[in-house]
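Notes to accompany the following structure.
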Amino acid sequence: MRTTHDFLSDAEIRRIRAYVPQALQGVQRLIAAESESGAIAAFAGVENRRIEMLFVAPERRGAGIGKALLRYAVRAFGADEVTVNEQNAQAVGFYEHMGFTAYRRTDTDEQGGPYPLLYMRL
1 MRTTHDFLSD AEIRRIRAYV PQALQGVQRL IAAESESGAI AAFAGVENRR IEMLFVAPER
61 RGAGIGKALL RYAVRAFGAD EVTVNEQNAQ AVGFYEHMGF TAYRRTDTDE QGGPYPLLYM
121 RL
């Protein structure tokens, strides 16, 4: 997470990591990609046509796994929206490369933190 979220404090990273198991259980559709050894290499969560999460293990980044998961989510579940931290330039660039465009921006995140969000859609 630190790789793409270097704008977050250590305390915020810990808070998010603690929340991940709950988020994984609560998402409507969860898809995962395994490595050759059977370990989870990446996962994505989709809720009502919205990509709620997409994470790729740092050592697996750049291998096309994120693209494959996103394409599957779009094709299988009609996913066509995502919300991204504006400060996460890698994610913003990835979604733009995949055809998403921003249609709304906020100055804060959904918890009121000082992290602008971009709402993007295909």
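All residue numbers for the sequence shown refer to the UniProt record's numbering, where the first residue is 1 and numbers rise by one.
We put the CB at the ideal spot given by N, CA and C, even for glycine.
Fair warning: this is a prediction, and the values are worked out from it, not measured in the lab.
Residues that residue i bridges to, as DSSP identifies them
{"i": "Gly-44", "result": "Here the sequence assigns Ala to residue 44, which means Gly is not the residue at that position. Paired residue(s): Ile-31, Leu-54."}
{"i": "Arg-105", "result": "Leu-118"}
{"i": "Glu-81", "result": "Arg-50, Arg-121"}
Identity of the residue in the options nearest residue i by Cα
{"i": "Met-53", "options": "Gln-25, Gly-62, Pro-116, Gly-112", "result": "Gln-25"}
{"i": "Ala-39", "options": "Asn-48, Ala-57, Gly-45", "result": "Ala-57"}
{"i": "Glu-34", "options": "Glu-47, Gln-28, Val-46, Gly-64", "result": "Gly-64"}
{"i": "Arg-61", "options": "Gly-113, Phe-94, Val-27, Leu-117", "result": "Phe-94"}
{"i": "Leu-30", "options": "Met-120, Leu-70, Glu-36", "result": "Leu-70"}
{"i": "Ala-44", "options": "Tyr-72, Glu-36, Ser-37, Thr-106", "result": "Tyr-72"}
{"i": "Met-120", "options": "Arg-104, Glu-47, Gln-28, Arg-49", "result": "Arg-104"}
{"i": "Ala-79", "options": "Gln-28, Gln-87, Asn-48", "result": "Asn-48"}
First through last residue of the alpha helix (DSSP H) which encompasses residue i
{"i": "residue 124", "result": "A question about residue 124 goes unanswered here, because the residues of the chain that appear run from 1 up to 122."}
{"i": "Ala-89", "result": "89-97"}
Alpha carbon of residue i to alpha carbon of residue j, nearest angstrom
{"i": "Gly-66", "j": "Phe-55", "result": "8 angstroms"}
{"i": "Leu-122", "j": "Gly-112", "result": "26 angstroms"}
{"i": "Glu-110", "j": "Ala-32", "result": "26 angstroms"}
{"i": "Gln-90", "j": "Ala-41", "result": "18 angstroms"}
Terminal residues of the beta strand (DSSP E) in which residue i lies
{"i": "Glu-86", "result": "Element bounds for Glu-86: n/a, residue is neither H nor E."}
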